[in-house]
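Asker: Can you keep this structure in mind? I'll have questions shortly.
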Amino acid sequence: MTDEKLDEILKQALAPEIDDREIRIHRRRKNKMNKFGKIGTGVAAAVAAAVIGIGGLGYFNPVLAAKIPLIGKIFEKVEEDATYSGDYTDKKTILTNEDSAGNLDTSDYTVSDKGITLTASEAYCDGYSIFLTVNIESEDADFTHIPEHYTGMNVADNKTAAGFYIDGKWSVDGSPDEWLENTFDGEVIDSHTFAGMLKINLAEKHTGSGELKLIVNGLGYDDDSMLDGEEISASHWTEGSWNIVIPFEVNAADVKTIEVGEKKGNITLEDVVVSPYQVIVHATTPGEQRELTDSIREKLLSKDPDMTDAEMYELLGDSYEPCYTICFNQDGEMLYSDMELAGWAGFAVQGKEVKTLHVLIFDNFDDWLQMEKEGMSSAAADRAVIAKEIHVE
């Protein structure tokens, strides 16, 4: 994506008063996210919807909260403002146990290094993604300068969360390692404590139970007190080792897969998955593959035995570029577009009722951008390669 296109996206996504200096900060953040592997090939659509919110929101100065028992209750703490918001009360699995005296035993899910302690708290899996909550503590840090970012469709939604960068890899049940591509979405509790949620998208649908292995080698956060500097992204970055194994159980309640199989032009809309917190659209284009074939993977691994799937997709380049997808519910409400990769587009439900989905898929990013800006009545809808109404209930 060119800098000019990024500027255009930022100006439309943020408050009208955003100035060029703030856009430059956003661009530096984007470049830093690329450096740490947070934004992969072909996620231009995600930038428009999930950009860091400096302009209209400004930076927050949280009132320091008294220490409260967070472990086992982090979903409850962050679920209203996180990108994948919703009520996790009846869906989550609490990882820690209480002893007879009511004390929490976190030993199996707590790791410490370089003065930072990470404790896994709760997990939820809908079969397609794992949602994990964590508590991060550092006695030497001052988390109160972590800026918030938008997690709603627009500034008026008043939905924001603090972010904590994570670098490393993950795998499930011994599968090949994948790069960690998201940040923790959450809340600063006090100067030394951050509580957040991480969403990991599985390469294939999972059933039953499993184990998520996290190999974390970097943690960091932005600092709003460094606005006058050239680089504030992950200005507090610590490299270390925080490795942890987390059991999870797939909760298929209220998860529906609607087969479509509609092909128009160069795009095939294969199916749509609706879970309590996300909508996933699976669509493919010529030259695109839902997953790497064994022959391609074997050839690439012969050159680099440690190469991950994410690195393979990046190496293959333009042949794996995605189409551009947008979704509305039966009330014409647009769903929050989080990320779009080859064959896969993810949307946050954020408490919206989803009885019917209107899925529009474009092969032109400018048409997608116009649709995102103008809503369901946009004239750009006529230029969608696929426009499908899907009944969920």
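Note that the working numbering numbers the sequence shown so that position 249 is 492, with each residue one more than the last. Every residue, glycine too, gets a C-beta built ideally from N, C-alpha and C. Given the structure is predicted, the values throughout are model-derived calculations rather than measurements.
1) When DSSP labels each residue in this structure, what does THR349 get in the three-state scheme?
2) According to the neighbour-count rule (16 or more other Cβ atoms, all chains shown, within 10 Å of its Cβ), is ASP549 buried or exposed?
3) Helix, strand or coil: which one does DSSP assign to THR500?
4) Do CYS570 and ALA528 come within 8 Å of each other at the CB atom, strictly closer than that value?
5) I need the straight-line Cα distance from GLU380 to THR362, nearest angstrom please.
6) Do you know how far the Cα of HIS601 is from the Cα of LYS357?
7) Considering only the beta carbon of each residue, do LEU457 and GLY411 sit closer than 8 Å?
8) The alpha helix (DSSP H) spanning PHE608 covers which residue range?
9) Quick check on ILE268: buried or exposed, where buried means 16 or more other Cβ atoms within 10 Å of its Cβ?
10) Assign HIS449 to buried or exposed, taking buried as 16 or more other Cβ atoms, counted over all protein chains shown, within 10 Å of its Cβ.
11) DSSP three-state call for ASP324: helix, strand or coil?
12) Indicate whether the contact test is met: 3 or more Cβ pairs, each with one atom in the region 383-400 and one in the region 321-329, closer than 8 Å.
13) Are there 16 or more other CB atoms within 10 angstroms of the CB of LYS442, so buried, or fewer, so exposed?
14) I need the straight-line Cα distance from ALA630 to GLU424, nearest angstrom please.
15) Identify the continuous beta strand (DSSP E) that holds MET550 and give its terminal residues.
16) In terms of residue numbering, what span does the beta strand (DSSP E) encompassing GLN521 cover?
17) Mind checking ASP561: buried by the 16 CB within 10 Å criterion, or exposed?
18) Using the C-alpha atoms, what's the distance from ILE501 back to ASN572?
19) List the endpoints of the continuous beta strand (DSSP E) containing PHE386.
20) Sort out for me which residues DSSP pairs LYS631 with in a bridge.
21) Quick one: Cα of ARG264 to Cα of LYS334, how far?
22) Which residue wins for smallest C-alpha separation from TRP611, given the options SER620, THR568 and THR426?
23) Assign ALA366 to one of two classes, buried (16 or more other C-beta atoms within 10 Å of its C-beta) or exposed (fewer than that).
24) Counting C-beta neighbours from all protein chains within 10 Å, is the total for GLU617 16 or more, i.e. buried, or is it exposed?
25) As a quick exercise: from ASP369, SER350 and HIS634, pick the residue whose alpha carbon is nearest that of SER452.
26) Could you tell me if ALA526 is buried or exposed, where buried requires 16 or more neighbouring beta carbons within 10 angstroms of its beta carbon?
27) According to the neighbour-count rule (16 or more other Cβ atoms, all chains shown, within 10 Å of its Cβ), is ASP466 buried or exposed?
28) Taking all protein chains shown into account, do 16 or more other C-beta atoms lie within 10 angstroms of the C-beta of ALA288, making it buried, or fewer, making it exposed?
29) Considering Cα atoms alone, identify which of ASP497, TRP587, TYR520 and LEU544 is closest to GLU513.
30) Where does LEU544 fall in DSSP's three states?
31) If I measure Cβ to Cβ from MET614 and keep anything under 6 Å in the same chain, skipping five residues before and after, which residues do I get?
32) Give the single residue among ASP428, GLU447, ALA446 and LEU445 whose Cα lies nearest to the Cα of GLY439.
33) Quick one: is GLU332 buried, meaning 16 or more other Cβ sit within 10 Å of its Cβ, or exposed?
34) From the DSSP secondary-structure annotation, give me the bridge partner or partners of ILE317.
35) Quick check on the burial criterion: 16 or more other C-beta atoms within 10 angstroms. Buried or exposed for ASP497?
Answerer: Taking the geometry as given:
1) coil
2) exposed
3) strand
4) It is worth fixing the name first, because residue 528 is Thr in this sequence and not Ala. No; because the gap between Cβ atoms is not below 8 Å, this pair is not in contact.
5) 9 Å
6) 48 Å
7) yes
8) 608-617
9) The pLDDT assigned to ILE268 is 37, lower than 50, so where the model puts this residue is not dependable; a value taken from the coordinates is nonetheless given after this. With 16 or more other Cβ atoms within 10 Å, it is buried.
10) buried
11) coil
12) yes
13) buried
14) 30 Å
15) Neither: MET550 is in no beta strand (DSSP E) and is coded neither H nor E.
16) 521-527
17) At ASP561 the pLDDT is 46, less than 50, meaning the model places this residue with poor confidence; the figure from the coordinates comes in the next sentence. So ASP561 counts as exposed.
18) 15 Å
19) Run containing PHE386: none; DSSP gives neither H nor E here.
20) VAL602
21) Residue placement at ARG264 is flagged as unreliable, the pLDDT there being 38, under the threshold of 50; a coordinate-derived value is accordingly withheld.
22) THR568
23) buried
24) exposed
25) ASP369
26) buried
27) buried
28) Note that ALA288 scores a pLDDT of 32, beneath 50, so its modelled location is shaky; the value from the coordinates is reported in the next line. Buried, since its Cβ has 16 or more Cβ neighbours within 10 Å.
29) TRP587
30) helix
31) ILE569, SER621 and ALA623
32) ASP428
33) The identity of residue 332 in the sequence shown is Thr, whereas the question assumes Glu. Label assigned to THR332: exposed.
34) DSSP lists no partner for ILE317.
35) exposed
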